[in-house]
Structures are given as C-alpha cells and as structure tokens.
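Position 383, counted from 1, in the sequence shown is what this note's numbering calls 1169; the numbers after and before it change by one each time, with no gaps.
For every residue, glycine included, the Cβ atom is placed at its ideal position computed from N, Cα and C.
See structure below.
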Amino acid sequence: MESHVTVDWLVAGSGAGGMTGAVVADQLGGSVLVVESAPVYGGTTAYSGGVAWIPGNHLQSSVGIDDSIDQGYQYMRSLIGDTVKEQRVRAYAERADEMLRFMMQHSHVSYRPIPTYMDYFDEPGAKHGGRSMCAGAFRRSYLGDEAQHMRPSPWQGMGMPFSMTVLESQVLMRMTWRSYLLGAKLLFKYLLDIKARIKGKADDRIAVGEALVAKLRRTLMDRDIPLWLNSPVVELLKENGRVVGAVVDKQGERQIVSVRKGVLMATGGFAKNNAMRQQYHNHPISTDWTAASPGSNGDGIRIGQKIGAALGFMHSVWWSPSYIMPEGKVMALISGKSMPGSIIVNKQGRRFANEAQPYEELVKEQYASNDRGEGAIPCYLVFDANFRKKYVVGHIKPGTVESDRSIPSSYFESGLFSKAESLAGLAAIIGVDSDQLEKTVETFNGNARQGIDPDFGRGESLHDRYYADAKVSPNPSLAPLERAPYYALRLEPGDLDTKGGLVCDEHGRVCDEAGDVIAGLYATGNTSAAVMGDTYPGAGATIGSAMTFGYIAAQHAFSASDE
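This is the structure we're talking about:
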C-alpha cells in the first residue's frame, strides 16, 4: 500500500544536525517532517559528549576570552588548507554563532563555553578555551513517553550512577577536594529522587549528548513537528534536475513524501557499513571498533550518490582509540591516556606516539606504526599501581573508588584488561616483547622524572596538559611506571564516526561530480563531506558543524530564491 504526503522540508535523520534543521525550518514558517531509520531517535549525537565547537561565539567574553570570526577562520584555514573550498570554511566560521544564537532563542538548546577546553592545535588563530561549548543538563521526564524512544548513551549503567555534564566531569576527573564535594552533591541529588531509586530507574537528570538530543526532541514536540521512527529514506525523487521528494519506508509501508523546499540528509556516516569501510579505509579496519551508533550505515550517502552526488573525504574518519567490552559494546577512550604513569605500546613493546595528543592524531599514528610492521593493532595502554589508584581510565574508576576485586572477571578473560606483578609478566599476557617493554619503561621513567619526553614531546602542549594531573610537576602528563602491579588496557583504532560523504557547498547544498548544485538536496553532519576536511580542530567539531550546516541549509531553502 502506498500513500502520499507533501511538506515543505523533509529531514532524514534525528541527530543534532537533522533536528536543528527541522527547528529552523519550522521557525521560518515551513511544514516539516523528520524521519529516522532506527527505532530510536538521537543517532550518534546521543553517544557523544554533546559538545559543540563554535568559533567567535558571543558567550566567550563571559569567561574572559577574546575571539572573532576572522580568528576562527584563520585557525580553520591553517589546519584545513585548500582541501575544502574557502567559501564553505568561511560559512562555518561566520555563521556558527548565528546558529547558536538562533537555537538558544528558539529551542531548549543552551550552551556554555568551557573556559579551559583549548583548540587541539597550536596554529594561528587558536584559542586556549571558550570555543568548545558544554550542552548542560536536562530532565528525562520532560520528554514524557518519548523518553523511552531516545537512543540510550553507552555510558548508562557504567561509571557513576548519576549523570554529569562536561564541565562537571572536568572537576570530578581531577580528584581534588572539589571533585569529592561535587561528586557527593550529585550523588545526594540522585539519591534524593527516592521514587525513582525504589523503581530502579536511571537518573532523571541527563547530560552530555543525551541532554542535547532530549532538548532538541522536546523542541520538536513543542512545535508539533512529526518524527517517524523505523522510517528510512530509500530513494530520492528527482524531476528536471531537482530533488522533489523521497520514498520513505514508514514501518514497512511505502510513503511518497513530496517537498516544496527540499530534503536535508542528516543520516550519519558509514562507520557501521563493513563493505564501505573495506573499500575506503586503511586496513585492517572493522565495524566492531567504532563507537558510532548502529544507524551509521551510509544509507544517506549511497542514496545521494545514486542521483549523481559527488563524494569527498571518504578515507577520513573522526578517529579515537577505543576499547571493546566483553559483551561487544565499544567505548571511545578520550581521557585517561594523558595521565602520568602510563604509556601506549605496540607489539614490539615500544612507544610509537605522544599518548596525550588529540585522539584523532593518535589513531593515525597507530596506523602508521602498524603499517611499518610494528604490530600496533591492537596496542596497549600500560600503567602502574600508582596510576590505577588515582586515575579514571575510560569507564574504569580509580582504585580508591573501585578495587581490582570489583572489576568483572570477564574483563580479564576477554583480554580487555590485564594485570601482572611485573612488566615481564604483563608482556607475556598481552603478547608484546618483554625485553623491549622493560627497556621502553626504563627509558621513559628516566625522562619522566625530569619532566621531559625527548621522543615525542608529551606534555609540552596545552592540549596534552588538559587531561593530565595538574598536581604533578614538572610535567603533569609524565610520571614513572615503577610500582607493581602493572596493568594494560587493550586499544583498537576506533572512531566516533566517519567524516566522508556528500560534497556540499557553503549553503549545505549537495553538488554533483561536475561541481554543480543538485537543487533541492542538502546534507549535514557525517552524511556530508566534512567541512573540517581530514582534521579535528577542537572538541565538538562534529556537532558544531552538523548543527551549523543544518541551520544554514534550512535558512537557504526558505530564502526567496535558489542562488
């Protein structure tokens, strides 16, 4: 059975980019429909930290940071070079704060600058903080019955029982008296919700990516914007060179959706599509290593390609080291690798990179080491008892909070987590060269005591010191590994999602192989070829660009004419 519906604006995908584009179109007076292929909404945004990177934003002055559009553009251009058209890069720099102002005025979305979350690279135009923005918290109960249809965060049921924002996690991670005070405060609020605790419900206060998704979903609900779940776009309809609608499989029934203004593809990347990953990415590669949502199957990219869309940056990925839980859940390792008293080694028992550098760069170095025949896939984060006692690593709490006896035996049996009374014993368990591991640690320890890393310069940059321990001197990212037992965490070359996709112009319009615009078709987020190119300027670059080009696309589609 086939039915037909007509709207102004069809959005495929319910992550931050798609829902932003929907809110903007509705505010501009359009009729909007959002469709989502999965049985839950939120996409990979729900798995994220919810951070958005917004250069030159109007809130930076509140934390004493002076920034501008020109400085943001200069920084991006210094990293991206000429791999992305100037107009598209400039559009992001010029309109990201415009998007932020719009969404904070017309939706539940709210952001605060993170004063000390610096840009990832020391390039012209970089800032020491304020561009990466914290999404804040929200109440799950504000969604009513729709809360049960939100994609759950992989962190649910792991780590602390209560949710925490990025700003709060910064404080907790430092393990100072302020950390314990904040932890006690959050735990008290969590326990105070007695009714929920008796029923065994999760914390009603949600944060990070879940909070951003919930705020956007609540906004759609307030505006009566329909969201169809289990409803993938299976085909784009084109007439006289223009996209005029799409075929949607709405829970098994064929729906023809005609559009007056356009279609916004925001279905995510192809991190979960094994065939595409094998075709485009360096080997070895596996869909088992990605922390992206299950819906990142590349459908939007392939559908766009079928009607002539050009593809770009298909080899590029938002890389991050990851570790695989015994049940198969993948966790991105963002923090922990920079803390003093740890190193990352390959099968030769050698370090191959600055462990504290930005996570995308670390995985690129992991592949480079593996390509040299050094056996870096997997690699291992190795640390000692001092590290284990004091620091969080992934979701594993410090030994002062969670003893080794509390760690599930499956962690050890699966090879995820290893422990031995000596470095030689640890090397035997994880299969690395024992003699070389001991030599590596001996050399590292001697340098660490002096606060230097002559091999890779760890701890020299502002970024390296962000996730480190400020109480350790002279270098907060360096300390010797000298106290048994010793531990290892197995790391794969994981990612947050892919960043290759449909080539777009500065308005978010999809282009064909000749560089001409495909009228009526827009894309944002990981369905589009990243405006960041093969770089990662700062925390939140994924969500910031997705929301900005979702905003730009809707604004353009509802403008007086198609430029």
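Spanning the alpha carbons of Phe907 and Ala879 requires a straight line of approximately 17 angstroms.
In the structure shown, the three-state DSSP call for Asp1190 is helix.
When C-alpha distances from Leu886 are compared across Ala912, Phe924, Gln846, the shortest belongs to Gln846. Shown here, His892 sits in a helix according to DSSP, grouped into three states.
Counting only runs of 3 or more residues that sit fully inside the region 1098 to 1146, the beta strand (DSSP E) segments are 1103 to 1105, 1108 to 1110, 1116 to 1118, 1128 to 1131, in chain order. For Ile1304, the secondary structure class from DSSP, reduced to helix, strand or coil, is strand. Nearest neighbour of Asp1010 by Cα position, chosen from Phe948, Ser893, Glu954, turns out to be Ser893. Taking each of Thr1328, Pro1323, Leu968, Met1318 in turn and checking the Cα distance to Thr869, the smallest one comes out for Met1318.
For Pro899, DSSP records a beta bridge to Met919. Per DSSP, Gly858 is one residue of the alpha helix (DSSP H) stretching across 855 to 866. Taken through DSSP and simplified to helix, strand or coil, Gln1037 comes out as coil. Cβ-Cβ separation between Ala1077 and Asp1281: approximately 7 angstroms, consistent with a contact (criterion under 8 angstroms). In the pairwise beta carbon analysis, the region 946 to 956 is classified as not touching the region 1028 to 1036: fewer than three pairs are separated by under 8 angstroms.
As DSSP reads the structure, Phe1169 sits in a beta bridge with Ser1128, Tyr1273. Contact between Asn1140 and Gly1243 holds, since their C-beta atoms are separated by about 6 angstroms, short of 8 angstroms. Restricting attention to Arg1003, Ser1259, Val1131, the CA atom closest to the CA of Leu929 is found in Arg1003. Looking at the backbone, the Cα of Thr951 and that of Gln1143 are separated by about 23 angstroms.
Look at the beta carbons and you see the region 917 to 926 not touching the region 1211 to 1229: under three pairs across the two are nearer than 8 angstroms.
Excluding the 5 residues flanking it on each side, Gln1236 has same chain C-beta neighbours closer than 8 angstroms at Pro1260, in chain order. Assigned with DSSP and collapsed to three states, Tyr1252 falls in helix. The region 983 to 1003 makes no contact with the region 810 to 819, as fewer than three CB pairs between them are under 8 angstroms. Between the beta-carbon of Asp1298 and that of Ala1095 there is about 6 angstroms, and that keeps the pair under the 8 angstroms contact cut.
For Gly835, DSSP records no beta bridge to any residue.
Under the three-state reduction of DSSP, Ser1044 is assigned to strand. About 6 angstroms separates the beta carbon of Gly915 from that of Tyr903, a gap short enough to meet the 8 angstroms contact definition. Per DSSP, Ala1206 lies in no alpha helix (DSSP H); the unbroken beta strand (DSSP E) holding it starts and ends at 1203 to 1206. Taking C-alpha positions only, Val820 is separated from Tyr827 by approximately 10 angstroms. Residue pairing by DSSP puts Leu1013 in a beta bridge opposite Val820. Ile1110 has its alpha-carbon roughly 26 angstroms from the corresponding atom of Glu1224. If the five residues before and after Leu1248 are omitted, its C-beta is found closer than 8 angstroms to the C-beta atoms of Met904, Asp908, His914, all from its own chain and listed in chain order.
Selection Lys871, Asp1190, Leu1023, Ile855 evaluated against Gln1091 yields Leu1023 as nearest (Cα-Cα). Three or more beta-carbon pairs separated by less than 8 angstroms link the region 1274 to 1288 to the region 1116 to 1127, which places the two stretches in contact.
Residue state for Phe907 is assigned as coil, using DSSP reduced to three classes. Inclusion of Ala1270 and Glu1207 in the CB contact set at 8 angstroms is warranted, their separation being smaller than that value.
The residues Glu822, Pro825, in chain order, have a CB closer than 6 angstroms to that of Leu1015 in the same chain once the five nearest residues on each side in sequence are set aside. CA-CA distance, Leu1202 to Ile1071, rounds to 18 angstroms.
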